[in-house]
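Visitor:
Residue numbers (my numbering), protein chains in the order written: chain A, 34 to 460; chain B, 3 to 384.
Structural data, given as structure tokens:
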């Protein structure tokens with residue numbers, strides 16, 4: 034059976050209803066997806082506007098809620114940072130739907146690999162068992178794992194605007210409106226709830242952006258943050274790093290984080306990614322590492338990847354002309370968490386994770402820089418400047434960031450199959 | 003998630019084909035049954051099999067050494083599809099490990115203080131707990147009398163399992179005497195008593211057979227009193243510590259219970275359990291460590307109190323070597339979740355000494371140095 038055209042649309046319809054497609058179609062779909070993914074580099078180039086999403090973990094109904102909140106494919110350009118499978122009940126439907134959308138709209142959805150897109154991890158955390166249970170054999174799991182091996186390791190978003198076009202939306206809490214910056218100011222961050230109401234809005238350089246943002250980490254960093262004196266509304270800054278007009282550095286998206294073996298994005302491009310996720314090395318680190326309040330590198334309690342501190346992120350961003358690293362991998366109760374003076378953000382898109390954590394989820398929207406037609410000159414990888422320790426690192430002005438925060442899909446929207454999730458407690 | 007919990011879509015589809023007619027046909031339980039007291043009791047009794055299942059997998063994976071865990075796991079708890087035994091849940095195993103280790107440490111500190119003198123433990127709602135057998139096999143010379151109290155349905159299945167287990171029968175010092183209805187068991191040092199704990203809250207509580215009213219006694223509530231209304235739970239403690247035991251007998255209470263119901267994780271926990279008809283009655287009254295400490299003081303355990311969450315137990319009570327051993331057992335990709343989980347269970351303890359001419363400070367001596375997150379002693383040198 035071929036899965037082109039109308040068959041594909043039919044498969045998408047079926048999967049959207051949370052019904053698995055026949056094994057033969059999965060085989061065909063995975064073959065097509067691999068043909069597509071093999072053409073992608075290890076680091077996929079993505080143009081803003083784009084909506085960046087974190088872990089999904091088989092929470093199919095919450096993925097539907099994500100599409101409801103963030104817009105549907107292909108209307109919205111999506112970038113998913115991995116961990117589609119494991120833990121939730123519907124890894125199969127979630128991953129296959131994303132894969133169908135990828136094959137159907139290859140330029141409107143980007144999938145990169147998470148540490149759970151691996152044979153070893155899926156046999157432990159549920160995806161293997163789910164495939165076996167739903168199809169009676171491991172074939173589908175095997176097809177999916179072959180696709181995993183071809184998923185890109187990262188994405189580089191370019192052309193994101195520094196300033197948000199403020200949402201023309203009501204405020205979730207009218208009392209908070211007064212404390213928010215006016216629309217004449219340069220809006221850097223906006224947080225919307227699932228109904229599209231404004232929860233928070235922060236102007237660039239405003240005091241509010243550090244005091245009012247509940248999930249922003251304001252820890253002092255060993256490196257000085259450049260003072261920015263951009264006139265309101267223009268996005269211009271006093272930065273000497275070459276940021277002009279409303280352009281911003283690129284945004285690197287990766288599932289876990291950085292690796293001590295990777296100091297330039299070009300080094301990611303040189304990896305041979307078409308394999309099972311190794312237990313160590315650069316590819317493993319990109320999928321397993323976590324930012325942490327430490328100096329330099331540290332051992333990860335996960336047993337794979339590393340911990341890395343603010344200094345590592347700031348140097349990496351400077352060297353690679355990045356304004357931000359977006360990553361997933363860690364549950365954050367508020368759905369997103371900016372760290373290290375907003376040089377890195379964790380985005381988590383699985384609400385009420387494992388049906389018991391009680392967290393909200395978020396997606397991150399980066400707008401398009403209208404000023405120069407989306408074209409930004411960059412010099413990734415061929416930076417010849419040497420980084421002297423202690424030298425003042427001048428960061429790129431971050432992109433305007435709109436977070437949409439959402440809760441788990443309401444129970445009554447779950448329709449079939451309406452099995453009540455049973456979460457473990459230690460009673 | 004556990005594979006058996008994943009809905010089989012094919013079978014669900016088949017059911018669906020039956021249409022709505024099929025759905026309406028079967029005998030339907032009246033809605034009131036869901037909320038009836040009997041159903042709630044059943045749900046609480048069922049929590050013991052949860053614990054038994056966790057204990058078994060925890061032992062199988064090498065977290066805990068407990069040869070007796072398997073004896074009490076029913077078919078249901080160990081049933082797995084052949085290919086699914088690779089399913090591992092580190093969070094679950096670590097949670098069980100930390101809980102067991104934390105309680106074991108407090109209990110051992112008590113038992114090994116003044117080792118020659120007699121001691122008693124009363125385990126409330128003990129269910130399938132194997133602690134007595136583990137203690138007996140590791141410390142055969144202890145002068146310890148161990149009492150377990152639970153619903154008759156729980157005690158009878160436990161006693162039946164003991165009778166089928168040569169390992170346990172040979173471990174016990176004497177052949178056990180079993181009541182004719184099979185719900186109570188007795189040896190000179192081990193007693194299983196079938197009792198609805200709530201009867202101890204009545205003005206005329208039933209006696210507890212074989213209890214020595216003057217032997218230093220540790221009351222253990224491992225996720226038991228939490229299911230009762232706060233006034234009932236307090237009344238039970240008063241009855242045990244002042245009616246069944248002489249008010250001058252050194253006595254302690256060790257609690258293991260959920261904690262912090264008001265944050266996002268806690269709220270989800272309470273509502274998830276409610277949907278299983280499990281109600282954590284005392285949790286609203288004692289939502290944090292500080293309120294547990296006050297509770298212990300008020301209940302007469304006034305010589306000293308301490309409280310920790312199980313995250314603290316893992317960080318501060320488990321040795322680095324042991325952490326390394328346990329950490330190497332499984333790949334753990336659930337650190338944030340584990341942190342949340344461990345922060346929502348606590349171990350709290352409080353005690354009274356005997357002063358006067360013949361002082362007995364066994365609990366003060368045992369626990370004075372225990373590292374607590376909240377609490378302290380009221381004695382000198384604290």
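Where is the CB? At the ideal position from N, CA and C, for every residue including glycine.
Considering residue 125/B, what are the terminal residues of the beta strand (DSSP E) in which it resides?
Guide: Position 123 of the second chain, counted from the start, is the residue given in the question as residue 125/B. Here the beta strand (DSSP E) through residue 125/B covers 121-126.
Visitor: Output the distance between the C-alpha atoms of residue 296/B and residue 313/A, rounded to the nearest integer angstrom.
Guide: Indexing the second chain from 1 puts residue 296/B at position 294. Indexing the first chain from 1 puts residue 313/A at position 280. Here the C-alpha atom of residue 296/B lies approximately 50 Å from the C-alpha atom of residue 313/A.
Visitor: Can you give the beta carbon distance from residue 101/B to residue 100/A, rounded, assuming they're within the 8 Å contact cut?
Guide: Counting from one through the second chain, the residue named residue 101/B turns up at place 99. Counting from one through the first chain, the residue named residue 100/A turns up at place 67. The Cβ separation is near 40 Å, so there is no contact.
Visitor: In whole angstroms, what is the alpha-carbon distance linking residue 349/B and residue 312/B?
Guide: Sequence index remark: in the second chain, residue 349/B carries index 347 (1-based). Sequence index remark: in the second chain, residue 312/B carries index 310 (1-based). Straight-line Cα distance between these residues: approximately 7 Å.
Visitor: Nearest by alpha-carbon distance to residue 503/A: which of 135/A, 183/A, 293/A and 217/A is it?
Guide: Any question about residue 503/A goes unanswered here, given that chain A covers just 34 to 460.
Visitor: Note down, in chain order, all residues in the segment 157-168 of chain B with a beta-carbon under 7 Å from any beta-carbon belonging to chain A.
Guide: none
Visitor: Got a sec: does the ligand HEM put a non-hydrogen atom nearer than 7 Å to the Cβ of residue 87/A?
Guide: You won't find the ligand HEM in this model; it holds no ligand whatsoever.
Visitor: Looking at the C-beta of residue 86/A, does it have a partner C-beta in chain B at a distance below 8 Å?
Guide: To locate residue 86/A, count along the first chain from 1; it is residue 53. Judged by the 8 Å Cβ criterion, residue 86/A is not in contact with chain B.
Visitor: Could you work out which residues of chain B lie near residue 389/A, taking near to mean beta carbons separated by less than 8 Å?
Guide: For the purposes of this step, residue 389/A is identified with residue 356 of the first chain, where counting begins at 1. Within 8 Å Cβ-Cβ: 267, 270, 271 and 274.
Visitor: For residue 386/A and chain B, any beta-carbon pair shorter than 8 Å?
Guide: As a working mapping, residue 386/A is identified with position 353 in the first chain. At least one chain B Cβ lies under 8 Å of residue 386/A.
Visitor: Please compile the residues from chain A whose C-beta is within a distance smaller than 8 Å of the C-beta of residue 56/B.
Guide: On the second chain, residue 56/B is found 54 positions in, with the first residue counted as 1. Under the 8 Å cutoff, chain A gives 457 and 459.
Visitor: Within 8 Å (strictly less), CB to CB, does residue 334/A reach chain B?
Guide: Within the first chain, numbered from 1, the residue matching residue 334/A stands at position 301. Output row for residue 334/A: interface = yes.
Visitor: Write down the C-beta distance between residue 366/B and residue 306/B rounded to the nearest angstrom, noting that I regard them as a contact closer than 8 Å.
Guide: Along the second chain, read from residue 1 onward, the residue named residue 366/B stands at position 364. Along the second chain, read from residue 1 onward, the residue named residue 306/B stands at position 304. About 6 Å separates the two Cβ atoms, so the contact holds.
Visitor: Could you tell me which uninterrupted alpha helix (DSSP H) segments, each at least 4 residues in length, are contained entirely in the segment 126-178 of chain B, listed from first to last along the chain?
Guide: 133-140, 154-165 and 168-173
Visitor: If you measure between the beta carbons of residue 59/A and residue 190/A, is that distance less than 8 Å?
Guide: As a first step, residue 59/A must be located in the first chain, where it is residue number 26. As a first step, residue 190/A must be located in the first chain, where it is residue number 157. Against a cut-off of 8 Å, the Cβ pair of residue 190/A and residue 59/A comes out as no contact.
Visitor: Helix or strand or just coil, what does DSSP make of residue 443/A?
Guide: Working through the first chain from its first residue, we reach residue 443/A at position 410. Coil at residue 443/A, not helix or strand.
Visitor: For residue 254/B, count neighbouring Cβ atoms within 10 angstroms of its own Cβ and tell me buried if that reaches 16, exposed if not.
Guide: As a working mapping, residue 254/B is identified with position 252 in the second chain. Buried.
Visitor: So which of 356/A, 442/A and 311/A has the shortest CA-CA distance to residue 194/A?
Guide: For the purposes of this step, residue 194/A is taken as the residue at position 161 of the first chain. Answer by Cα proximity: 356/A.
Visitor: Let me know the secondary structure DSSP gives residue 394/A once reduced to three states.
Guide: Here residue 394/A refers to the residue found at position 361 when the first chain is read from its first residue. Note: residue 394/A maps to strand in three-state DSSP.
Visitor: Between the Cα of residue 144/B and the Cα atoms of 154/B, 175/B and 241/B, which residue gives the shortest distance?
Guide: As a first step, residue 144/B is located in the second chain; it is residue number 142 there, counting from the start. Of the candidates 154/B, 175/B and 241/B, the one whose C-alpha sits nearest the C-alpha of residue 144/B is 175/B.
Visitor: Beta-carbon within less than 8 Å of residue 465/A's beta-carbon, same chain only, minus the 5 sequence neighbours each way: which residues are those?
Guide: Beyond the ends of chain A as shown, which are 34 and 460, falls residue 465/A; an answer cannot be given.
Visitor: Checking 8 Å against the spacing of the C-beta atoms, do residue 149/B and residue 195/B come in under that value?
Guide: Here residue 149/B corresponds to residue number 147 of the second chain, with the count starting at 1. Here residue 195/B corresponds to residue number 193 of the second chain, with the count starting at 1. Closer than 8 Å, so yes.
Visitor: Which of the three DSSP states is assigned to residue 113/A in this structure?
Guide: Locating residue 113/A in the first chain gives position 80, where the first residue counts as 1. Of the three classes helix, strand and coil, the one that applies to residue 113/A here is strand, per DSSP.
Visitor: Between residue 361/A and residue 147/A, how many whole angstroms is the CB-CB distance? I'm expecting something under 8 Å.
Guide: Walking along the first chain from the start, residue 361/A turns up at place 328. Walking along the first chain from the start, residue 147/A turns up at place 114. The C-beta distance from residue 361/A to residue 147/A rounds to 7 Å, short enough to fall under 8 Å.
Visitor: Quick check: is the beta carbon of residue 155/B nearer than 8 Å to any beta carbon in chain A?
Guide: Residue 155/B sits at position 153 when you count from the first residue of the second chain. It does not; no Cβ of chain A falls within 8 Å.
Visitor: Rank 233/B, 198/B, 325/B and 111/B by C-alpha distance to the C-alpha of residue 127/B and give the top, closest one.
Guide: Translated into positions along the second chain, residue 127/B becomes position 125. For the residues 233/B, 198/B, 325/B and 111/B, the minimum Cα distance to residue 127/B belongs to 198/B.
Visitor: Hey, would you say residue 61/B sits closer than 8 Å to residue 52/B, going by beta carbons?
Guide: What you label residue 61/B is simply residue 59 of the second chain in a count that begins at 1. What you label residue 52/B is simply residue 50 of the second chain in a count that begins at 1. Inclusion of residue 61/B and residue 52/B in the CB contact set at 8 Å is not warranted, their separation being larger than that value.
Visitor: Counting pairs of beta carbons, one from the segment 111-120 of chain A and one from the segment 135-150 of chain A, are three or more of them closer than 8 Å?
Guide: yes
Visitor: Please list, in chain order, the residues of the segment 346-373 of chain A that have any C-beta partner in chain B closer than 7 Å.
Guide: 363, 364 and 366
Visitor: Check each candidate in 112/B, 290/B and 95/B and name the one with the smallest Cα separation from residue 256/B.
Guide: Translated into positions along the second chain, residue 256/B becomes position 254. Checking every option, the nearest Cα to that of residue 256/B belongs to 112/B.
Visitor: Could you check the C-alpha separation between residue 151/B and residue 142/B for me, to the nearest Å?
Guide: For the purposes of this step, residue 151/B is identified with residue 149 of the second chain, where counting begins at 1. For the purposes of this step, residue 142/B is identified with residue 140 of the second chain, where counting begins at 1. Going from the Cα of residue 151/B to the Cα of residue 142/B covers about 22 Å.
Visitor: In the structure shown, what three-state DSSP assignment does residue 308/A receive?
Guide: The residue labelled residue 308/A in the question sits at position 275 within the first chain. Residue 308/A: coil per DSSP, three-state reduction.
Visitor: Can you grab the Cα-Cα spacing for the pair residue 254/A / residue 343/A, in whole Å?
Guide: If you number the first chain from 1, residue 254/A lands on position 221. If you number the first chain from 1, residue 343/A lands on position 310. Reliability of the predicted coordinates at residue 254/A is poor, the pLDDT of 37 falling under 50, and no value is obtained from them.
Visitor: How big is the Cα-Cα spacing for residue 89/A and residue 386/A?
Guide: Position 56 of the first chain holds residue 89/A. Position 353 of the first chain holds residue 386/A. Using only the alpha carbons, I get a separation of about 9 Å.
Visitor: For residue 226/A and chain B, any beta-carbon pair shorter than 8 Å?
Guide: Here the question's residue 226/A lines up with position 193 in the first chain. For residue 226/A, the answer is no, since every Cβ of chain B falls outside 8 Å of its Cβ.
Visitor: Please return the same chain residues whose Cβ sits closer than 6 Å to the Cβ of residue 393/A, not counting the five positions on each side in sequence.
Guide: The residue labelled residue 393/A in the question sits at position 360 within the first chain. 368, 384, 438 and 440, listed in sequence order.
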